[in-house]
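Peer 1: Numbering (full-length UniProt numbering), first residue to last: 1 to 412.
Sending over a structure as structure tokens; questions will come in a sec.
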Amino acid sequence: MRRRWTTLPRDTRLLLAARAARSVGQGALIVAFALYLDALGWSAPAIGALFTAGLLIDTALIVALGPASDRLGRRVFLLAYEAAQAAAAVIALCTAAPAALAIAAVVGGFGRGANGSSGPFAPIELSWLSQALPRRERGRVYSLNMAIGFSGMGIGALLGAGPALLGELLPGALAYRPLFALVLAGSLVCLVLIALARDAPAAAPQATTARPAADAEADRATRRSENALMRWLFGVNALNGIAIGLVGPLMTYWFAVRFGRGPADIGPVMALAYGVTAVSSLFAGRLVDRIGVVRAVVWMRSLGLAILLVLPLVPSFWMAAALHVVRSALNRGTAGARQALTVSLVRPHRRGAAVSTGSVAIQLPRAIGPLFAGLLFGGGMLAAPFYIAAGFFGAYIYAYRRVFSAHDPTRR
Numbered sequence: 001m002r003r004r005w006t007t008l009p010r011d012t013r014l015l016l017a018a019r020a021a022r023s024v025g026q027g028a029l030i031v032a033f034a035l036y037l038d039a040l041g042w043s044a045p046a047i048g049a050l051f052t053a054g055l056l057i058d059t060a061l062i063v064a065l066g067p068a069s070d071r072l073g074r075r076v077f078l079l080a081y082e083a084a085q086a087a088a089a090v091i092a093l094c095t096a097a098p099a100a101l102a103i104a105a106v107v108g109g110f111g112r113g114a115n116g117s118s119g120p121f122a123p124i125e126l127s128w129l130s131q132a133l134p135r136r137e138r139g140r141v142y143s144l145n146m147a148i149g150f151s152g153m154g155i156g157a158l159l160g161a162g163p164a165l166l167g168e169l170l171p172g173a174l175a176y177r178p179l180f181a182l183v184l185a186g187s188l189v190c191l192v193l194i195a196l197a198r199d200a201p202a203a204a205p206q207a208t209t210a211r212p213a214a215d216a217e218a219d220r221a222t223r224r225s226e227n228a229l230m231r232w233l234f235g236v237n238a239l240n241g242i243a244i245g246l247v248g249p250l251m252t253y254w255f256a257v258r259f260g261r262g263p264a265d266i267g268p269v270m271a272l273a274y275g276v277t278a279v280s281s282l283f284a285g286r287l288v289d290r291i292g293v294v295r296a297v298v299w300m301r302s303l304g305l306a307i308l309l310v311l312p313l314v315p316s317f318w319m320a321a322a323l324h325v326v327r328s329a330l331n332r333g334t335a336g337a338r339q340a341l342t343v344s345l346v347r348p349h350r351r352g353a354a355v356s357t358g359s360v361a362i363q364l365p366r367a368i369g370p371l372f373a374g375l376l377f378g379g380g381m382l383a384a385p386f387y388i389a390a391g392f393f394g395a396y397i398y399a400y401r402r403v404f405s406a407h408d409p410t411r412r
């Protein structure tokens, strides 16, 4: 593993290290933030609405920033993101006033579980990560990227159990406040790492009068083909986004309401889920080398779907926790492989646009999910979001195989 790490390009290693630094604070807040809001007296629909608002704003940023980064470069955008994260963490450390906390949560992406990525700036980060990588290496390196993020999330999730230990020193909701210091520290480290990384975005082909007409026509044909693939990518990923929004952001809240457990129990479960998912991401990278991206995604996501159907039926917290850990590993473990396919659908100078398309397709419908799930939870329908999500996950798996089998980057 050490030898493989040292053979990676320098800038790739810096971006991977930034993901590690960022992921710890994210892991702590995915366990604790919804519980923090609950301790402050926020209702389930209000918590869901806050997540929805944040996801909608993220979507708008993704639409604007991905294509812009193809023209202007990536580093300046990621530096701005980390500075905003640091400011949001400072606000959350200092106050629990609803308006200020809501603004900080939207800007900082608190509790939304970005798996160590840079939130709405993730398409920029992913297209930058691909710059120095050969096509066939992307599946392995993107899987490593996700494994690093999940490992940090796991460490953070363990720290997210901290409020249970701080209850005597910091009463009530105040016990959650120190967790925002993790976000602040991670952002400061990321600012340094990103500033050290070199950015050399690929230039688009330039049209000239000397360019043969045949080449110009070939370029237009390639662009039409890429645009068609991106439209398919949007439609397929939208199915995935709806399902993720229904069961992802409020998972810790579901454990708390369904089984009456707090961060002391939920934190270690989430930590284990992320740790196992990190291993699963590395396994997925190896599986991709053997059977290809599409088949690896289809097999792992199908097993995760089967577990999702059983999860709301189990009678005990620990049974549900075990199923959640395995399902998380199977579903999230494919993220790096899916990202590798996305950046391979287009030419280098359009990767920001491609990753933005895929991300928007997930984020926009995903934004609806927390609000809808919060309303269902508030009405006592604790199983309904899982089964609605299962239908969308099933449609996603079928469509992913049908659309992308012919475009697997490991098969060319």
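Don't be surprised by glycine CBs; every beta carbon is placed ideally from N, CA and C.
Computed from a predicted model, the values in this text were never measured in an experiment.
(1) Closest by CA to Leu303, which one among Asn331, Val288, Arg347?
(2) Mark Leu126 as exposed unless 16 or more other C-beta atoms lie within 10 angstroms of its C-beta, in which case mark it buried.
(3) Assuming Thr342 is part of the alpha helix (DSSP H), what are its boundary residues?
(4) Which of helix, strand or coil does DSSP assign to Pro263?
(5) Output the boundary residues of the alpha helix (DSSP H) element that contains Glu168.
(6) How many angstroms separate the CA atom of Pro249 from the CA atom of Ala218?
(7) Are the region 345-359 and the region 219-230 in contact at 8 Å, needing three or more beta carbon pairs?
(8) What's the gap between the Cα of Val297 and the Cα of Leu272?
(9) Going by the CB atoms, is the gap between Ala361 and Phe234 shorter than 8 Å?
(10) Where Gly108 and Ala84 are concerned, what is the direct C-alpha to C-alpha distance, given to the nearest angstrom?
(11) In the structure shown, what three-state DSSP assignment does Thr95 receive?
(12) Look at the alpha carbon of Pro171 and the alpha carbon of Pro178, and state the distance between them as a whole number of angstroms.
(13) Between the Cα of Met153 and those of Leu78, Gly25, Gly369, spot the shortest distance and give me the residue it belongs to.
(14) Compute the beta-carbon to beta-carbon distance between Ala105 and Gly54, rounded to the nearest angstrom, for a pair I have assumed lies under 8 Å.
(15) Quick one: using the 10 Å Cβ neighbour count with 16 as the cut-off for buried, is Ala197 buried or exposed?
(16) How would you label Pro315, buried or exposed, when you count the other beta carbons within 10 angstroms and need 16 or more for buried?
Peer 2: Reading it off the structure:
(1) Asn331
(2) Around the C-beta of Leu126, 16 or more other C-beta atoms lie within 10 Å, and the residue is accordingly described as buried.
(3) 335-343
(4) In the structure shown, Pro263 sits in a helix (DSSP, three-state: H, G or I).
(5) That residue, Glu168, is in no alpha helix (DSSP H); it is neither H nor E in DSSP.
(6) The straight-line gap from Cα to Cα measures roughly 44 Å.
(7) In short, these stretches touch, since the Cβ pair count reaches three.
(8) 22 Å
(9) yes
(10) 7 Å
(11) Reduced to three states, the DSSP call for Thr95 is coil.
(12) 12 Å
(13) Nearest option by C-alpha distance: Gly25.
(14) 6 Å
(15) buried
(16) exposed
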